[in-house]
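Inspection log for the structure reproduced underneath, given as structure tokens.
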Amino acid sequence: MVCREQWNVRYRECRERPVPARVLVENRHLLPREGLGLDLACGLGGNALLLAEHGLETQAWDISDVAVHQVNAVSRQRLLPLIAEVRDVIRFPPLKDYFDCVVVSRFLCRELATPIIESLRPGGILFYQTFTREKQGGVGPSNPEWLLGTNELLFLFSALRILVYREEGTVGDGWVGWRDEALLVGMKVN
Ligand SMILES: C[S@@+](CC[C@H](N)C(=O)[O-])C[C@H]1O[C@@H](n2cnc3c(N)ncnc32)[C@H](O)[C@@H]1O
Numbered sequence: 080m081v082c083r084e085q086w087n088v089r090y091r092e093c094r095e096r097p098v099p100a101r102v103l104v105e106n107r108h109l110l111p112r113e114g115l116g117l118d119l120a121c122g123l124g125g126n127a128l129l130l131a132e133h134g135l136e137t138q139a140w141d142i143s144d145v146a147v148h149q150v151n152a153v154s155r156q157r158l159l160p161l162i163a164e165v166r167d168v169i170r171f172p173p174l175k176d177y178f179d180c181v182v183v184s185r186f187l188c189r190e191l192a193t194p195i196i197e198s199l200r201p202g203g204i205l206f207y208q209t210f211t212r213e214k215q216g217g218v219g220p221s222n223p224e225w226l227l228g229t230n231e232l233l234f235l236f237s238a239l240r241i242l243v244y245r246e247e248g249t250v251g252d253g254w255v256g257w258r259d260e261a262l263l264v265g266m267k268v269n
């Protein structure tokens with residue numbers, strides 16, 4: 080994993096606005112109406128802001144204190160039910176049976192798959208989107224350890240009821256469609 084200071088440097092220099100992941104924007108209708116949400120490895124908190132604006136009590140965790148500070152500043156400004164926290168999610172994964180919704184985008188730690196599933200309450204929804212090894216563009220990590228293999232997201236979260244899955248790889252006309260990343264929305268059944 081890239082260390083905290085490297086992420087801090089990126090976020091100090093970053094002039095981008097927080098943007099929610101496509102998996103969340105395009106499947107927003109699957110969000111629970113109320114409850115507790117988590118944006119895990121939140122970065123600038125684009126997902127967390129969407130969850131909080133939707134009405135969920137939202138937590139956002141990231142190892143970068145610079146990013147967390149920025150998320151909390153926006154949350155305070157917009158009077159949202161969102162609190163960001165500095166947290167190493169590998170050392171301190173989410174508690175079991177706790178969240179009604181978890182969102183992870185552009186972060187991959189395979190050992191967290193089981194804790195993420197366990198952190199969902201029955202009926203809880205997971206939104207996950209990250210880069211694949213088949214990605215064509217230069218965006219995203221180059222280390223294959225941080226990239227998904229074919230169908231890997233399905234495999235990692237097979238304990239959930241899969242509501243949405245999309246991974247197009249390099250099949251067909253690569254200029255159109257949904258490339259470079261895989262996305263999954265799944266529900267904890269019990
Ligand atoms: C590529 S960014 C994605 C941020 C955000 N989810 C998004 O989609 O824009 C990866 C994030 O993971 C965070 N991160 C890396 N290792 C972490 C760890 N062990 N615990 C918590 N956050 C971590 C980084 O600080 C960074 O904000």
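With my numbering applied, the sequence shown covers 80 to 269. Ideal Cβ positions, reconstructed from N, Cα and C, are used throughout, including at glycine. Keep in mind it's a predicted model, so treat the numbers as computed, not measured.
{"Asked": "Taking the straight line between their C-alpha atoms, what separation do you get for G217 and Q156?", "Found": "34 angstroms"}
{"Asked": "Taking only heavy atoms of ligand 1 into account, decide whether any of them is closer than 8 angstroms to the Cβ of S221.", "Found": "no"}
{"Asked": "Please check the pair A146 and L161, which I expect to be a contact at CB under 8 angstroms, by giving their CB distance rounded to whole angstroms.", "Found": "Not really, about 13 angstroms apart at Cβ, beyond 8 angstroms."}
{"Asked": "Would you report the Cα separation of L123 and L233, rounded to the nearest angstrom?", "Found": "27 angstroms"}
{"Asked": "Nearest-angstrom Cα distance between Y33 and L199?", "Found": "Lying outside 80 to 269, the shown extent of the chain, residue 33 is not represented and no answer is given."}
{"Asked": "Could you compute how far the alpha carbon of L119 sits from the alpha carbon of P220?", "Found": "18 angstroms"}
{"Asked": "How many angstroms separate the CA atom of E115 from the CA atom of K214?", "Found": "What sits at residue 115 in the sequence shown is Leu, not Glu. When rounded, the distance between both Cα atoms is 33 angstroms."}
{"Asked": "Helix, strand or coil: how does DSSP classify Y90 here?", "Found": "helix"}
{"Asked": "How many angstroms separate the CA atom of W257 from the CA atom of V88?", "Found": "30 angstroms"}
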